[in-house]
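Down below is the structure, laid out as structure tokens.
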Amino acid sequence: MCLLFSFQAGVRGLQVQQSPSVLSLQEGSSPTLRCNFSATVYSMQWFRQNPGGGLISLFFMTSGTKENGRLNSTMNSKELYSALHITATQLEDSGTYLCAAQDAQCSQAVCSLNPKCSWACSPTPSMGWGGRDVAPTVPFAQLWVF
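Under the UniProt record's numbering, residues 1 to 146 are what the sequence shown spells out, in order.
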């Protein structure tokens, strides 16, 4: 299994970095993917895109920890990061992984990976201003299980 990451600056002031930059694994390994935020975020989301397929939302989080099968995600707003842990990787874990963060003062966010993928802040802040876009990592994390 090979897991590759790349860094990319975010948009409109919010920066997101996904790490590590390169990680090679064997099937059955248990990697942790991490996204660091440059500022407080309202929410974040982890996605996986299977080869040749569409986006799959793994977790939508505003705080705390969530678990879904072998996947576990933590969002730490105070320390400005989120982590995605995959226990005992399998062939079906192959794909492209993306973390996207939503600014704490946004009214709308759009994931740049796929224009059909979007969500809005809820609740919308009472101070009505233009809002900010989501800050995704690009080209995301590539995971191949062999």
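Cβ atoms here follow ideal geometry from the backbone N, Cα and C, with glycine treated the same way.
State buried or exposed for residue i, treating a residue as buried only when at least 16 other CB atoms are found within 10 Å of its CB.
{"i": "residue 89", "result": "buried"}
{"i": "residue 30", "result": "exposed"}
{"i": "residue 102", "result": "buried"}
{"i": "residue 91", "result": "exposed"}
Between the alpha carbons of residue i and residue j, how many angstroms are there, rounded?
{"i": "residue 99", "j": "residue 18", "result": "7 angstroms"}
{"i": "residue 37", "j": "residue 59", "result": "17 angstroms"}
{"i": "residue 172", "j": "residue 27", "result": "Given that the chain is displayed from residue 1 to residue 146, the structure contains no residue 172 and the question cannot be resolved."}
{"i": "residue 16", "j": "residue 47", "result": "15 angstroms"}
{"i": "residue 34", "j": "residue 68", "result": "17 angstroms"}
{"i": "residue 80", "j": "residue 53", "result": "30 angstroms"}
{"i": "residue 74", "j": "residue 14", "result": "19 angstroms"}
{"i": "residue 85", "j": "residue 76", "result": "14 angstroms"}
Report yes if the CB atom of residue i is closer than 8 angstroms to the CB atom of residue j, and no otherwise.
{"i": "residue 72", "j": "residue 65", "result": "yes"}
{"i": "residue 70", "j": "residue 87", "result": "yes"}
{"i": "residue 83", "j": "residue 40", "result": "no"}
{"i": "residue 45", "j": "residue 56", "result": "no"}
At the 8 angstroms Cβ level, is residue i part of the contact set with chain C, yes or no?
{"i": "residue 41", "result": "As a matter of chain content, chain C is missing from the structure shown, which is built from one protein chain."}
If residue i sits next to residue j, beta carbons under 8 angstroms apart, how far is it from one beta carbon to the other, in whole angstroms?
{"i": "residue 24", "j": "residue 51", "result": "18 angstroms between Cβ atoms; not a contact."}
Segments of 3+ residues assigned as beta strand (DSSP E) that fall wholly inside the stretch 64-110
Fully enclosed beta strand (DSSP E) runs of no fewer than 3 residues occupy 64-68, 71-76, 81-86 and 95-103 of the stretch 64-110, in order along the chain.
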